[in-house]
Structure formats: C-alpha cells, structure tokens
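Peer 1: This is the structure, below, for whatever I ask next.
Numbering (UniProt numbering), first residue to last: 1 to 149.
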C-alpha cells in the first residue's frame with residue numbers, strides 16, 4: 001500500500017509560539033488542506049533547519065515556508081531577509097503572516113523578500129479563511145504543485 005503522505009505538499013512554519021502553530025495546523029486541516037504543516041520552531045531554530053532543508057535536494061525540501069514571528073518588532077521581515085536568497089534559489093515560496101490593517105508592515109515584508117503576505121485574524125472563521133487563501137496562493141502561484149506540472 002502506498003502512503004499518500006509522499007504526495008502531500010509540505011509547508012514548514014517558523015513561529016515563536018507553539019500555540020499559534022497548533023492553531024494554524026488545525027485551521028488548515030479544517031479547510032481540508034492538501035498540505036502537511038510542520039512547525040520547525042522559532043527564528044533561531046527555524047533558520048538552522050531551513051539552511052539544512054533548502055540546501056538539500058529531493059523530498060526533504062519543503063514546498064513552502066510560512067513565517068509568523070513578532071510582527072510588531074520586524075522579526076518576520078528580518079528573518080525573511082536572511083533566508084530569502086536561499087529560498088529563492090531552492091524555488092521555495094516564502095509566505096509571511098502580518099497583523100490586520102498593517103499596510104506599512106505588509107510593504108516591509110514584501111520588500112524583505114516575502115512572496116505573499118497573509119493576515120493574522122483574531123476571529124476563528126476569518127483565520128480559517130485566510131489559511132485557505134495560503135493554500136490557494138501556493139496552488140496558483142507556484143510550479144511545485146504536481147497537478148500543474
């Protein structure tokens with residue numbers, strides 16, 4: 001019997017809060033996401049892991065990186081600036097999570113190298129809808145989805 005896990009896209013999440021990482025995973029699964037979401041830790045641990053994963057070839061490489069760090073401090077933009085070239089070289093899109101209504105923050109995230117910026121909603125229904133938007137972005141905008149190949 002073949003496992004479908006081999007065909008599921010792998011999204012890795014860099015987040016400084018395990019509770020928000022769990023919430024994101026549950027929200028994606030509530031939308032019947034085709035992706036497997038794996039939390040790889042905070043910025044320090046995530047960067048070490050991504051350097052290893054994005055430098056690897058084949059199945060170890062994630063299909064998308066989602067970064068959700070303290071947006072008010074600029075940590076997400078700084079993190080994306082540090083790994084942006086590595087992700088681009090590996091053809092792995094970077095998605096950032098920003099606070100609602102933070103237009104200036106969104107612009108800074110895009111300038112730092114994020115391929116897309118999504119909003120952190122506090123209402124559960126809106127948050128789940130935004131998780132669906134992340135999946136839609138990946139399917140529409142990347143060349144890694146097997147159906148599009």
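We treat Cβ as the ideally placed atom computed from N, Cα and C, and that holds for glycine.
#1: Within 10 Å of its beta-carbon, does residue 112 have 16 or more other beta-carbons around it, so buried, or fewer, so exposed?
#2: In the DSSP assignment, the alpha helix (DSSP H) including residue 99 goes from what residue to what residue?
#3: Who does residue 13 pair with in a DSSP beta bridge?
#4: Hey, how far is the Cα of residue 149 from the Cα of residue 84?
#5: At the level of alpha carbons, what is the spacing between residue 10 and residue 53?
#6: Within 10 angstroms of its Cβ, does residue 140 collect 16 or more other Cβ (buried), or is it exposed?
#7: Tell me whether residue 47 sits in a helix, a strand or coil according to DSSP, three-state version.
#8: Apart from the five residues just before and just after residue 117, which ones in its own chain have a Cβ nearer than 7 angstroms to its Cβ?
#9: When you compare each of 55, 42, 61 and 90 to residue 76 by their alpha carbons, which one comes out closest?
#10: Unbroken alpha helix (DSSP H) runs of length 4 or more, entirely within the region 120-146: which are they?
#11: Given a cut-off of 8 angstroms, decide if residue 13 and residue 68 are closer than it, judged by their beta-carbon atoms.
#12: Quick one: grab the DSSP three-state call for residue 116.
#13: Using only alpha-carbon positions, find the residue among 15, 22, 28 and 73 that is nearest to residue 49.
#14: Here's a check: name, in chain order, each residue in its chain whose Cβ is nearer than 8 angstroms to the Cβ of residue 34, leaving out the five neighbours to either side.
#15: Cβ atoms of residue 31 and residue 126: under 8 angstroms apart, would you say?
#16: Smallest Cα separation from residue 79: which of 57, 60, 91 and 51?
Peer 2: This is what the structure gives:
#1: If you number the chain shown from 1, residue 112 lands on position 112. Buried, by the Cβ-count rule.
#2: Here residue 99 refers to the residue found at position 99 when the chain shown is read from its first residue. Bounds of any alpha helix (DSSP H) do not take in residue 99; it lies within the beta strand (DSSP E) bounded by 94-99.
#3: Here residue 13 refers to the residue found at position 13 when the chain shown is read from its first residue. Bridge partners of residue 13: 39 and 66.
#4: Residue 149 sits at position 149 when you count from the first residue of the chain shown. Residue 84 sits at position 84 when you count from the first residue of the chain shown. Here residue 149 scores only 39 on pLDDT, less than 50, and its place in the model should not be relied on; the value that follows carries that caveat. Whole-angstrom Cα-Cα distance: 24 angstroms.
#5: Position 10 of the chain shown, counted from the first residue, corresponds to residue 10. Position 53 of the chain shown, counted from the first residue, corresponds to residue 53. Distance between residue 10 and residue 53, taken at the CA atoms: about 12 angstroms.
#6: As a position in the chain shown, residue 140 is number 140, starting the count at 1. It counts as exposed.
#7: The count along the chain shown starts at 1 and reaches residue 47 at position 47. In this structure, DSSP gives residue 47 a helical state, which the three-state scheme calls helix.
#8: Translated into the one-based positions of the chain shown, residue 117 becomes position 117. Sequence-distant Cβ neighbours of residue 117 in its own chain, meaning closer than 7 angstroms and more than five residues away, are 96, 98, 106, 109 and 110.
#9: The count along the chain shown starts at 1 and reaches residue 76 at position 76. Here the closest residue by C-alpha is 42.
#10: Counting only runs of 4 or more, we get 124-141.
#11: Locating residue 68 in the chain shown gives position 68, where the first residue counts as 1. Locating residue 13 in the chain shown gives position 13, where the first residue counts as 1. For residue 68 and residue 13, yes; Cβs fall inside 8 angstroms.
#12: Looking up residue 116 in the chain shown gives position 116. In this structure, residue 116 counts as strand in the three-state DSSP scheme.
#13: Sequence index remark: in the chain shown, residue 49 carries index 49 (1-based). Closest by alpha carbon: 15.
#14: Here the question's residue 34 lines up with position 34 in the chain shown. Here residue 34 has 8, 9 and 135 as same chain residues with Cβ atoms under 8 angstroms from its own Cβ, once five neighbours each way along the sequence are excluded.
#15: Translated into positions along the chain shown, residue 126 becomes position 126. Translated into positions along the chain shown, residue 31 becomes position 31. Not in contact: residue 126 and residue 31 (Cβ atoms no closer than 8 angstroms).
#16: By one-based count along the chain shown, residue 79 stands at place 79. When each option's Cα is compared against that of residue 79, the closest is 51.
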